[in-house]
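J.: The structure follows.
Residue numbers (the numbering used here): 872 to 935.
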């Protein structure tokens, strides 16, 4: 029974966190416009993308 309550509370907390993050994104989009939309398109809301970092050499070549 306690497990059910814990899962319900966890679900409600995650839902509240998601709704707050969406509202914050709306405020940031209104404040920063296209710069925010460009950033938001590259960066996920909660979990990072696990991919290799790509850097550029002085000669302008990509290095992994």
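The beta carbon of each residue, even a glycine, is placed where N, CA and C say it ideally should be.
To the nearest angstrom, how far is it from the Cα of residue 888 to the Cα of residue 914?
T.: Rounded to the nearest angstrom, the two C-alpha atoms are 18 Å apart.
J.: Who are the Cβ neighbours of residue 916 in its own chain at under 7 Å, not counting the five residues just before and after it?
T.: Excluding sequence neighbours, residue 916 sits near 892.
J.: Have a look at residue 883 and residue 895 and give me their C-alpha separation to the nearest angstrom.
T.: Each residue's Cα considered, the two are about 18 Å apart.
J.: Taking DSSP as the reference, what is the three-state secondary structure of residue 882?
T.: Residue state, collapsed to three classes: helix.
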